[in-house]
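Here the sequence shown is numbered in numbering that gives the first Met the number 0, starting from 0 and rising by one per residue.
Built from N, CA and C at the ideal position, the CB exists for glycine as well.
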Amino acid sequence: MREIEIKVKIAEIESAINFLKEKGVKFSEEIDQYDRIFLPNGVTYDDLQVKQSENSVLRLREQNGKVKFTLKQTQSMELDCLEAETVVEDPVEMEKAINMLGFYLAIEVRKKRKKGKLGELTFCVDQVEDLGGFVEVEKLFSDEVDAGSVQKELFDNLLAMGLEIEEQVFQGYDTLRYFYLKENSSD
0 MREIEIKVKI
10 AEIESAINFL
20 KEKGVKFSEE
30 IDQYDRIFLP
40 NGVTYDDLQV
50 KQSENSVLRL
60 REQNGKVKFT
70 LKQTQSMELD
80 CLEAETVVED
90 PVEMEKAINM
100 LGFYLAIEVR
110 KKRKKGKLGE
120 LTFCVDQVED
130 LGGFVEVEKL
140 FSDEVDAGSV
150 QKELFDNLLA
160 MGLEIEEQVF
170 QGYDTLRYFY
180 LKENSSD
C-alpha cells in the first residue's frame with residue numbers, strides 16, 4: 000500500500016482535536032506509541048536528506064502491548080512511502096534479524112496519538128517527545144499517483160477546514176527528532 004501524507008505543526012493539541020471533531024472527524028482513544036527506527040549500516044539521516052527517494056527504513060512500533068514491524072520505502076519524498084507491515088510475535092528476535100540484515104537502531108520516537116477518520120482521510124493528532132504537537136492527514140493508494148498533487152490537495156483541504164497551522168512539515172518524526180537532538184546536543 001502507498002501512503003501519502005501531510006504533516007503540520009500546531010500550537011494547541013486539544014484545540015486541534017476539538018476543531019476536527021466539530022468538522023466530523025471521529026477519534027479513537029489516545030494511544031502511546033514507541034518507535035525504534037533502523038537505517039542501513041553506514042547511512043545517517045544526513046545522508047537521507049541528500050538522496051530523498053528509494054530509501055528503505057525499518058520500524059518496530061510498540062502500541063497497546065503489541066509490536067508491529069514496518070518497512071517504509073520512500074518514493075518521491077519522505078512523506079510518500081510504500082509500506083508493508085506485520086505484527087511481530089518476538090520483538091527481540093525481530094531486532095536481531097533486522098541487525099543481521101544490515102540495519103542499525105538510528106533513533107527512538109515516543110508520542111501520544113489520537114487517530115480519526117473522515118471519509119477516505121485519516122487524521123492523526125500527535126504530541127511528540129521533544130518536538131511538540133502535529134496533525135497528520137493521510138490517504139492510502141494502491142495505484143501510481145502524483146504525490147505532490149495529492150499532498151497539495153490534502154493541505155488545501157486542511158486549510159479549507161480552517162485549522163490553525165503554525166507551519167507545514169516535510170519530514171517524518173524520526174528525521175525531525177534526529178535533527179532536533181543533533182542541534183541540541185551538548186557536544
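- Residue range 102-117 is occupied by the beta strand (DSSP E) that includes G115, with no alpha helix (DSSP H) assigned at that position.
- For D173, the enclosing alpha helix (DSSP H) starts and ends at 172-182.
- Cα atoms of Q62 and K6: separation of roughly 21 angstroms, rounded to the nearest angstrom.
- Distance from the CA of I9 to the CA of Q126, rounded to the nearest whole angstrom, comes to 10 angstroms.
- With contacts defined as CB atoms closer than 8 angstroms, D89 and R60 fail to qualify as a contacting pair.
- The C-alpha of D173 lies about 7 angstroms from the C-alpha of E107.
- Taking 8 angstroms as the cut-off, the beta carbon of S14 is found no closer than this to the beta carbon of K113.
- Take the alpha-carbon of V86 and the one of V66: they are about 6 angstroms apart.
- D129 sits in coil when the DSSP states are folded into three classes, being neither helix nor strand.
- Minimum Cα-Cα distance from M99 among the listed residues R176, N40, L162, T69 corresponds to N40.
- Residue range 12-21 is occupied by the alpha helix (DSSP H) that includes F18.
- A straight line joining the alpha-carbon of D79 with that of A146 spans about 7 angstroms.
- Between the alpha carbons of R176 and I12 lies a distance of about 19 angstroms.
- According to the DSSP assignment, F154 belongs to no beta strand (DSSP E) but to the alpha helix (DSSP H) extending over 146-160.
- For the 8 angstroms CB-CB criterion, R1 and L70 do not form a contact.
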